[in-house]
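K.L.:
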Amino acid sequence: MNTTISATRPFETISPRWLTDVGLPFVLAWLLFSVWRKVQSLRSDKTTRLNGPASTSLLFGLYRHINEAEDPGAVYEEWALQYGPAFRVPGGFGSSRIVICDPRANAHFYSKETFGYIQTKLARVFIENLFGRGLLWAEGDSHRRQRKALSPAFSNAAIRRLTPIFYDAAYKMRAIWDAMLDAGSGEASIDVQIWMNHISLDSVGVAGFGHDFDALDGEDSAIVDVFESFGSDDTSLLSRFVFLMGPVFPTLQNLPTKKNRMLRRLRYTMRDIADELLARNRREKEGKQMSEEKSVIGLLAFIAVAECLIIADERAPASRIRNDFHQSDARKPEKQQKLRDELFQFIGNDPTFDQLSASLPYLDAVAQEVLRLHPPVRETTRVAAEDDVIPFSSPILTANGDVVSNLVISKGTTITSPITYMNRAEVFWGPNGKEFEPERWLETDGCSRAKEIQGYRHILTFSDGPRICLGKSFALTEFKAVLSVLVRNYTFRLPDGPDTKIENHRSILPRPKVAGKKGAQVPMKVKRVE
Ligand code: HEM
Numbered sequence: 032m033n034t035t036i037s038a039t040r041p042f043e044t045i046s047p048r049w050l051t052d053v054g055l056p057f058v059l060a061w062l063l064f065s066v067w068r069k070v071q072s073l074r075s076d077k078t079t080r081l082n083g084p085a086s087t088s089l090l091f092g093l094y095r096h097i098n099e100a101e102d103p104g105a106v107y108e109e110w111a112l113q114y115g116p117a118f119r120v121p122g123g124f125g126s127s128r129i130v131i132c133d134p135r136a137n138a139h140f141y142s143k144e145t146f147g148y149i150q151t152k153l154a155r156v157f158i159e160n161l162f163g164r165g166l167l168w169a170e171g172d173s174h175r176r177q178r179k180a181l182s183p184a185f186s187n188a189a190i191r192r193l194t195p196i197f198y199d200a201a202y203k204m205r206a207i208w209d210a211m212l213d214a215g216s217g218e219a220s221i222d223v224q225i226w227m228n229h230i231s232l233d234s235v236g237v238a239g240f241g242h243d244f245d246a247l248d249g250e251d252s253a254i255v256d257v258f259e260s261f262g263s264d265d266t267s268l269l270s271r272f273v274f275l276m277g278p279v280f281p282t283l284q285n286l287p288t289k290k291n292r293m294l295r296r297l298r299y300t301m302r303d304i305a306d307e308l309l310a311r312n313r314r315e316k317e318g319k320q321m322s323e324e325k326s327v328i329g330l331l332a333f334i335a336v337a338e339c340l341i342i343a344d345e346r347a348p349a350s351r352i353r354n355d356f357h358q359s360d361a362r363k364p365e366k367q368q369k370l371r372d373e374l375f376q377f378i379g380n381d382p383t384f385d386q387l388s389a390s391l392p393y394l395d396a397v398a399q400e401v402l403r404l405h406p407p408v409r410e411t412t413r414v415a416a417e418d419d420v421i422p423f424s425s426p427i428l429t430a431n432g433d434v435v436s437n438l439v440i441s442k443g444t445t446i447t448s449p450i451t452y453m454n455r456a457e458v459f460w461g462p463n464g465k466e467f468e469p470e471r472w473l474e475t476d477g478c479s480r481a482k483e484i485q486g487y488r489h490i491l492t493f494s495d496g497p498r499i500c501l502g503k504s505f506a507l508t509e510f511k512a513v514l515s516v517l518v519r520n521y522t523f524r525l526p527d528g529p530d531t532k533i534e535n536h537r538s539i540l541p542r543p544k545v546a547g548k549k550g551a552q553v554p555m556k557v558k559r560v561e
């Protein structure tokens with residue numbers, strides 16, 4: 032398909048003059064407004080007063096400290112040990128949010144999503160800029176209606192039908208890798224991350240649109256181009272400023288930073304593609320009926336598919352979890368072999384959807400463990416739409432010195448559920464909570480206190496409650512199908528052996544990179560299984 036990016040409407044570049052003439056007065060006006068708002072809200076605030084870490088910056092509070100940490104979960108863990116299961120974290124200009132580190136409190140918080148707790152203003156601007164006013168943007172009854180309409184497309188029956196699409200993509204990649212290995216010495220250095228992203232994009236394209244973006248074939252289409260650019264950095268001063276100040280001044284999100292230009296371009300590209308596919312679909316329907324097997328288009332509105340495609344790649348790519356698996360797994364080759372042994376019962380055929388779901392315990396354990404350790408969405412932050420009382424399973428020591436078991440929350444209070452913390456903290460997962468140990472999912476009493484955590488199998492990676500990820504079965508099936516093909520066919524080693532240092536690459540997408548590499552590169556040494 033020939034998709035033109037009519038939407039690449041370039042923004043003017045921002046000059047330093049612009050920042051002082053327009054940016055500074057704007058920030059000062061907001062500052063005054065925020066102080067006034069703060070005074071107003073303090074008057075009516077009944078929220079339980081909590082202890083917490085002190086602010087280190089008037090502009091950013093502790094946001095920068097958290098956002099730039101290699102492991103934000105560990106930062107929250109330190110504070111939870113110091114202040115208990117609920118504490119207040121300062122943001123910029125006197126703003127703050129309450130972080131809840133308790134299973135019962137999190138279960139309550141998520142159960143009231145979209146009605147009692149809603150997206151922050153910042154998130155709403157971001158989501159609207161990217162997707163428009165769709166499912167992710169909607170709250171309350173409107174969200175419930177949209178979700179109900181979309182759910183059949185993500186049912187087990189639907190994913191069972193889509194499973195061959197994941198295998199097709201994996202085998203297409205295998206043919207390319209085999210050719211690379213044949214042309215060399217039998218071992219090749221392959222940047223697994225790029226290939227996994229291509230698999231994700233192609234399979235979501237075929238599954239959602241009935242259209243192959245041919246990313247695996249190196250097709251240079253607009254959509255592939257936009258998704259690839261997601262891995263690039265945006266470390267400009269303006270971007271960092273917008274990122275850090277966004278929680279206080281959501282409208283800054285509309286400034287034309289490199290990241291915002293990219294997201295806007297993606298949105299327009301998706302719309303162009305959707306228009307073109309709609310027209311094609313209409314033409315095909317005039318001729319012969321398009322096969323329902325090939326596409327879930329009959330069930331999904333185009334814009335919703337576009338949302339899913341972006342979510343799948345931008346917010347929470349299944350490719351990321353496969354990639355993280357290879358890193359964790361390449362450090363512990365015995366686990367790679369254990370998985371291969373389990374999968375070797377499938378020689379000459381592939382596990383079906385039902386076998387992937389229920390008959391391969393070690394593959395399942397590996398998938399769970401990767402999801403637990405590497406949640407692409409690291410935390411959920413919402414604003415209370417009404418007054419509330421959050422129950423806790425452990426006692427809280429308030430700033431007044433009282434010991435309480437409930438937190439009183441006033442309308443307008445910002446609450447954060449720290450997903451990475453809940454998924455990894457020692458208090459729930461034991462002393463090896465931060466290690467890749469798939470075996471914990473095979474032991475019945477392996478993660479005692481973690482059982483108190485609700486969410487999908489006691490982790491919060493897919494969120495929980497009314498907004499729990501709609502595509503989790505899609506993502507898990509894709510992950511397991513592709514991993515089963517890769518591990519049966521290849522062995523993986525990190526470039527410098529088990530001690531290779533992996534870092535977080537800062538870009539629109541949270542991506543890993545081998546330390547010292549430019550950009551989000553994870554080149555692995557790949558060999559065929561003998
Ligand atoms: C490993 C892969 C994935 C992870 C970890 C993940 C995680 C999440 C999370 C945390 C949310 C909640 C977002 C929020 O609170 O704002 C979410 C929502 C959603 N996800 Fe996923 N996701 C994944 C893959 C997918 C895929 C492949 C699809 C579609 C094919 C998808 C479709 C959706 C949709 C439609 C929502 C919005 C649900 C709503 O607002 O009601 N996800 N996902």
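Taking the working numbering, I'd label the letters of the sequence shown as residues 32 to 561.
For glycine and all other residues, C-beta sits at the position ideal for the given N, C-alpha and C.
Note that this is a predicted model, so its numbers are computed, not measured.
1. My understanding is that residue 492 touches residue 413, with C-beta atoms under 8 Å, so please give their C-beta distance in whole angstroms.
2. Leaving aside the five residues before and after residue 4 along the sequence, list all residues of the same chain whose C-beta is less than 8 Å from its C-beta, in chain order.
3. Is the region 126-135 in contact with the region 96-105, if contact means three or more CB pairs nearer than 8 Å?
4. Comparing alpha-carbon positions, which option in 186, 307 and 375 lies nearest residue 18?
5. Would you say the beta carbon of residue 246 comes nearer than 7 Å to a heavy atom of ligand 2?
6. Tell me whether residue 407 counts as near ligand 1, meaning its Cβ is closer than 7 Å to at least one heavy atom of that ligand.
7. For a minimum of 3 consecutive residues, which ranges assigned as the beta strand (DSSP E) are wholly contained in the region 411-449?
8. Can a CB atom of chain D be found closer than 8 Å to the CB of residue 471?
9. Does the separation of the CB atoms of residue 246 and residue 512 fall below 8 Å?
10. What separation, rounded to the nearest whole angstrom, lies between the Cα atoms of residue 159 and residue 282?
11. Along the chain, where does the beta strand (DSSP E) containing residue 522 start, and where does it finish?
12. Would the region 449-462 and the region 101-109 be scored as touching if the rule is three or more Cβ pairs under 8 Å?
13. Determine contact between the region 379-388 and the region 505-519, defined as no fewer than three beta-carbon pairs at a distance below 8 Å.
14. Mapping DSSP to helix, strand and coil, what is residue 535?
15. I'd like the span of the alpha helix (DSSP H) that includes residue 554, first residue to last.
16. Considering only residues of the same chain and omitting the five flanking positions on each side of residue 516, which have a CB-CB separation below 6 Å?
17. List the whole-angstrom C-beta distance separating residue 416 from residue 146, where the pair is believed to meet the contact cut-off of C-beta under 8 Å.
18. Where do the N-terminal and C-terminal ends of the beta strand (DSSP E) with residue 209 fall, by residue?
19. Taking all protein chains shown into account, do 16 or more other C-beta atoms lie within 10 angstroms of the C-beta of residue 561, making it buried, or fewer, making it exposed?
20. Which of the three DSSP states, helix, strand or coil, is assigned to residue 79?
21. Which residues mark the beginning and the end of the beta strand (DSSP E) in which residue 544 is found?
22. Output the distance between the C-alpha atoms of residue 223 and residue 543, rounded to the nearest integer angstrom.
23. Measure the beta-carbon distance from residue 28 to residue 177 and round it to whole angstroms, keeping in mind my assumption that it falls under 8 Å.
24. Would the beta-carbon of residue 196 fall within 8 Å of that of residue 237?
25. Ligand 1 heavy atoms versus the CB of residue 139: any closer than 7 Å?
26. For the alpha helix (DSSP H) holding residue 384, just list the boundary residues, first then last.
27. In terms of residues, what are the limits of the beta strand (DSSP E) holding residue 117?
28. Could you check if residue 562 is buried or exposed, using at least 16 other CB atoms within 10 Å of its CB as the buried criterion?
29. Among 194, 143, 151 and 161, which has the Cα closest to the Cα of residue 171?
30. Quick check on residue 483: does DSSP put it in helix, strand or coil?
31. So, are the CB atoms of residue 483 and residue 134 less than 8 Å apart?
32. Quick check on residue 524: buried or exposed, where buried means 16 or more other Cβ atoms within 10 Å of its Cβ?
33. I need the DSSP call for residue 158, collapsed to helix, strand or coil.
34. If you draw a straight line from the alpha carbon of residue 501 to that of residue 394, how long is it in whole angstroms?
35. Where does residue 471 fall in DSSP's three states?
36. Tell me, which residues are paired with residue 222 by DSSP?
P.N.:
Once the coordinates are examined:
1. Not quite, the Cβ-Cβ distance comes to about 17 Å (not below 8 Å), so this is no contact.
2. Residue 4 is absent from the structure shown; the chain starts at 32 and stops at 561.
3. no
4. An answer regarding residue 18 cannot be provided, because it is not within the stretch 32 to 561 covered by the chain.
5. Of the ligands this structure carries, namely ligand 1, none is ligand 2.
6. yes
7. 411-415, 419-428, 434-440 and 445-448
8. Chain labels in this structure do not include chain D; a single protein chain is all it has.
9. no
10. 12 Å
11. 521-524
12. yes
13. yes
14. strand
15. Residue 554 -> not in any alpha helix (DSSP H); beta strand (DSSP E) instead, spanning 554-559.
16. 201
17. 7 Å
18. Premise fails: residue 209 lies in the alpha helix (DSSP H), 187-214, not in any beta strand (DSSP E).
19. exposed
20. coil
21. 542-545
22. 11 Å
23. In the structure as shown, the chain starts at 32 and stops at 561, and residue 28 therefore has no counterpart that could be examined.
24. yes
25. no
26. 384-389
27. 117-121
28. Outside the modelled stretch of the chain, which goes from 32 to 561, sits residue 562, for which no answer is possible.
29. 143
30. helix
31. yes
32. buried
33. helix
34. 22 Å
35. helix
36. 554
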